[in-house]
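Read through the structure below, which is laid out as structure tokens, and then see the notes.
In full-length UniProt numbering, the protein residues as written are 1 to 263.
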């Protein structure tokens with residue numbers, strides 16, 4: 001008769017030291033875990049409350065007309081601001097309150113950098129009032145007056161156009177002009193007639209005068225002005241009436257007809 005192999009019997013006294021060692025290891029791991037969490041929390045509190053979390057660099061780009069100092073002041077970001085407390089959307093809304101700023105993009109980067117990218121409205125013209133000149137933005141808003149010496153030759157001067165809807169309408173038309181034509185306008189003068197309340201007289205840098213309505217300023221000039229002026233003889237200048245069709249009258253003929261009508 002075969003004997004069954006004897007099973008090795010582990011006495012309880014032999015297992016107790018191993019169980020104690022395992023429990024001790026688990027307790028040690030648990031303690032290390034909790035200590036690590038506590039250490040991280042302490043570091044976080046120290047970081048958040050220390051100058052290490054302050055904004056160290058404020059980068060501003062895209063501005064031409066608004067100074068960096070004005071943008072920084074409007075943003076409210078200082079060397080004492082906390083990087084974790086930066087509210088990008090709030091700063092963007094605040095910056096857009098400046099009349100020159102069309103769009104602002106604010107980004108905060110660890111450990112302490114804030115970047116502000118600005119898109120400005122362009123200056124499309126200058127509104128003349130008495131002896132003062134006020135920059136007109138592409139939004140239709142008017143800025144503080146500037147000296148006549150500071151006026152760029154590429155921006156037309158607007159005279160007699162009322163602020164509000166009339167000025168915004170003229171501004172919109174200027175923005176729709178081809179760059180070459182836009183830069184060729186010296187003055188835009190409001191000249192209401194018995195036929196058109198929004199009639200304008202444009203005095204060009206090349207010596208010509210253009211009569212056109214506000215509502216069709218861009219479409220008429222873009223389409224007709226280059227083709228008409230290209231057919232003129234050397235030094236021939238005159239008045240181009242675009243209110244109805246396209247009628248060009250040299251200054252000499254215009255002067256003669258006005259002399260006859262005055263007789």
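Backbone N, C-alpha and C define an ideal beta-carbon position, used for all residues, glycine too.
Going by beta carbons, residue 188 and residue 163 fall outside the 8 Å limit.
When 57, 59, 89 and 131 are compared, the shortest CA-CA separation from residue 159 is found for 131. If the five residues before and after residue 79 are omitted, its C-beta is found closer than 7 Å to the C-beta atoms of 54 and 55, all from its own chain and listed in chain order. In this structure, the straight-line span from the alpha carbon of residue 211 to that of residue 223 is close to 14 Å.
Rounded to the nearest angstrom, the gap between the Cα atoms of residue 228 and residue 63 is 39 Å. Annotation: residue 86 is outside any beta strand (DSSP E) and is labelled neither H nor E by DSSP. Looking at the DSSP output, residue 200 bridges to 190 and 212. Between residue 102 and residue 121 the beta-carbon gap is near 5 Å, inside 8 Å, which marks them as a contact.
Counting only the Cα atoms, residue 113 lies some 20 Å from residue 119.
Bounds of any alpha helix (DSSP H) do not take in residue 106; it lies within the beta strand (DSSP E) bounded by 101–109.
Annotation: residue 59 is outside any alpha helix (DSSP H); the continuous beta strand (DSSP E) that includes it extends over 57–61.
Counting every other CB atom within 10 Å of its CB across the protein chains shown gives residue 173 a total of 16 or more, marking it as buried. The residue from 232, 129 and 208 with its alpha-carbon nearest to that of residue 241 is 208.
The beta carbon of residue 154 is closer than 7 Å to those of 183 in its chain, skipping five residues each way along the sequence.
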